[in-house]
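Encoded as structure tokens, the structure appears first; notes follow it.
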Amino acid sequence: MWLSNYYDLNVNLDGKSILVTGGTGSFGKRFVKTVLERYKLKRLVIFSRDELKQFEMQQQFSTTEYPCMRYFIGDVRDETRLEMAMKDIDIVIHAAALKHVPVAEYNPTECIRTNVNGAENVVRAALANDVKHVLALSTDKAVNPINLYGASKLAADKIFVAANNLSGTDGTVFSVVRYGNVVGSRGSVLPFFKKLVAEGTDHLPITDPDMTRFWITLQQGVDFVISNLRYMRGGEIFVPKMPSMKITEMATYIAPELPQKVIGIRPGEKLHEMMVSEDDAPYTDDLGDRYVVKPAFSFWSEREAGSKEIAQIYNDAVAAQKGFRYASNINDDWLDNDRLDLLLKEPAT
331 MWLSNYYDLN VNLDGKSILV TGGTGSFGKR FVKTVLERYK LKRLVIFSRD
381 ELKQFEMQQQ FSTTEYPCMR YFIGDVRDET RLEMAMKDID IVIHAAALKH
431 VPVAEYNPTE CIRTNVNGAE NVVRAALAND VKHVLALSTD KAVNPINLYG
481 ASKLAADKIF VAANNLSGTD GTVFSVVRYG NVVGSRGSVL PFFKKLVAEG
531 TDHLPITDPD MTRFWITLQQ GVDFVISNLR YMRGGEIFVP KMPSMKITEM
581 ATYIAPELPQ KVIGIRPGEK LHEMMVSEDD APYTDDLGDR YVVKPAFSFW
631 SEREAGSKEI AQIYNDAVAA QKGFRYASNI NDDWLDNDRL DLLLKEPAT
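Quick note: the sequence shown uses this note's numbering, first residue 331, plus one each step.
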């Protein structure tokens, strides 16, 4: 599928009002840039708690140059503020979260308040305002979680899926998107390796020689999120098909002359990433360029699948075999150096 093009010409957001929680992050900024270039929006609301990041973002996307832009200071922990911000909003993209694994372990209640309680607040505010679509961003760490961040995102996923029971067959549609590491994003291994090389390191640290990861570009992630607005019935977890690469091979790509030193897996870290577990296999369909994990609730089959074309896509989907799992170590699509070169041409933010 490489390089997968998730840009869907059939998604038309002209005249829509969109709110992005956590909108000043890497995803939010690229999402804003993308939709402003492609569509004529009625409103695009950035909802986040960091006034400095909002000020900096306004330098790039000013309300003077882009009259549809709105900037709301607020926290997803505050249901009242969320409800105010969602007035007359058509689509909510929920990207706000506490994402740093060690920080979540050290500050568990703060992680829960943002990732779990915040998800519930987004649901309540969306229902109160009759928002049409809510699409939440998840993570591979929510699959068979071994750390609090993953557990909190699993809980959030469950909240968004089950929210469709509250909205009825004609109410707000809630779904989830789950994808892997964004190449070059803050905190990822690739810029870390580059930083060490620039500082003159004599080796590159490897947690485990067998470790693998899925990789996706930031633009692919944004395009994938937008494309799923077309497929949403409610309660689905959408997973893009992505290539894998061993961390040792990535280290060799960055610095082929440097030795690699195994330092051991850190607490809360997995050897391989998993996007779809065996437990979800009975509910998983292959749509060609993505997997969709369907909810085990009756509301999914009762809802329309959008256009006749989309209904046919679901009807023609290939059901996952018993025992299927989508993990980075058993992937059938692997990055080599040439394809990694292509991937790295895209700026991370």
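Virtual Cβ for every residue (Gly too), placed ideally from N, Cα, C.
What's the C-alpha gap between residue i and residue j?
i      : j      : result
Ile476 : Ser356 : 25 Å
Leu520 : Leu670 : 11 Å
Arg407 : Leu559 : 25 Å
Met399 : Ile376 : 8 Å
Asn445 : Val552 : 20 Å
Tyr336 : Lys675 : 17 Å
Leu333 : Ile556 : Because Leu333 carries a pLDDT of 46, less than 50, the predicted location of this residue cannot be relied on, and no value is offered for it.
Thr502 : Ala456 : 7 Å
Gly345 : Ala585 : 48 Å
Val512 : Leu465 : 19 Å
Val648 : Asp609 : 17 Å
Val473 : Ile593 : 25 Å
Asp487 : Gln389 : 34 Å
Thr354 : Gln384 : 6 Å
Ala611 : Val622 : 10 Å
Lys525 : Tyr401 : 34 Å
Phe391 : Ile403 : 16 Å
His463 : Ile643 : 20 Å
Val431 : Cys441 : 10 Å
Asn659 : Ser518 : 18 Å
Asp380 : Ala425 : 14 Å
Met331 : Lys471 : Its pLDDT being 44, under 50, Met331 is placed unreliably in this model, and the value from its coordinates should be taken loosely. The straight-line gap from Cα to Cα measures roughly 23 Å.
Asp699 : Met605 : Any property of residue 699 remains undetermined from this structure, which presents the chain solely from 331 to 679.
Tyr561 : Asp500 : 16 Å
Thr537 : Lys638 : 48 Å
Leu478 : Pro597 : 11 Å
Met575 : Met414 : 44 Å
Grab the span of the beta strand (DSSP E) containing residue i for me, first residue to last.
i      : result
Phe629 : Looking at the DSSP string, Phe629 is not in any beta strand (DSSP E); the run it does join, the alpha helix (DSSP H), is Phe629 to Glu632.
Asp460 : Per DSSP, Asp460 belongs to no beta strand (DSSP E) and is neither H nor E.
Leu400 : Sequence check: residue 400 is Arg here, not Leu. Where Arg400 is concerned, the enclosing beta strand (DSSP E) stretches over Met399 to Ile403.
Gln590 : Gln590 to Val592
Met387 : Segment Glu381 to Gln390 is the alpha helix (DSSP H) holding Met387; no beta strand (DSSP E) there.
Val606 : Met604 to Val606
Starting from residue i and walking both ways along the alpha helix (DSSP H), at which residues does that stretch end?
i      : result
Ser482 : Leu478 to Ala492
Val341 : That residue, Val341, is in no alpha helix (DSSP H); it is neither H nor E in DSSP.
Asp646 : Lys638 to Asp646
Tyr583 : Ile577 to Ile584
Val431 : Val431 to Tyr436
Thr351 : Premise fails: Thr351 lies in the beta strand (DSSP E), Ser347 to Thr351, not in any alpha helix (DSSP H).
Met416 : Element bounds for Met416: n/a, residue is neither H nor E.
Arg596 : Where Arg596 is concerned, there is no enclosing alpha helix (DSSP H), given that its DSSP letter is neither H nor E.
Asp671 : Asn667 to Leu674
Whose CA, out of the options, lies closest to the CA of residue i?
i      : options                           : result
Ile419 : Asp460, Ile403 and Asn445         : Asp460
Gly618 : Phe568, Thr582 and Asp609         : Phe568
Met387 : Ala650, Glu529 and Lys359         : Lys359
Phe361 : Lys429, Gly653, Ile595 and Ile423 : Ile423
Asn645 : Glu634, Lys471, Val350 and Arg655 : Glu634
Leu548 : Ala528, Leu496, Gly598 and Thr364 : Thr364
Leu468 : Gly498, Ala434, Tyr436 and Val506 : It is worth fixing the name first, because residue 468 is Ser in this sequence and not Leu. Nearest option by C-alpha distance: Val506.
Ala458 : Arg411, Lys571 and Ser482         : Arg411
Thr351 : Lys372, Ser378, Leu371 and Arg368 : Ser378
Leu588 : Thr439, His533 and Tyr509         : His533
Lys417 : Pro597, Lys652 and Lys372         : Lys372
Thr566 : Tyr396, Ile577, Tyr656 and Ser631 : First, the amino acid is wrong: residue 566 is Glu here, not Thr. Answer by Cα proximity: Ser631.
Gly653 : Ala449, Phe522, Tyr613 and Leu339 : Tyr613
Ala641 : Ser482, Ile421, Arg563 and Tyr509 : Arg563
In the DSSP output, what is residue i paired with across the bridge?
i      : result
Lys372 : Its beta-bridge partners do not exist; DSSP assigns none.
Ala426 : Its beta-bridge partners do not exist; DSSP assigns none.
Tyr318 : With the chain covering 331 to 679 only, the question about residue 318 has no answer from this structure.
Asn511 : Trp545
Val519 : In DSSP, Val519 forms no bridge with anything.
Phe504 : Val464
Ser574 : Phe544 and Trp664
Ser658 : Bridge partners of Ser658: none, in fact.
Ala649 : Asp615
Phe377 : Thr351 and Phe402
Check the Cβ-Cβ distances between residue i and every residue of chain C, and say whether any is below 7 Å.
i      : result
Val622 : Of the chains in the structure shown, none is chain C; there is only one protein chain.
Task: Those runs of the alpha helix (DSSP H) which lie wholly inside the stretch 522-565 and span at least 4 residues - done: As far as the stretch 522-565 is concerned, its whole alpha helix (DSSP H) runs of at least 4 residues are 548-557.
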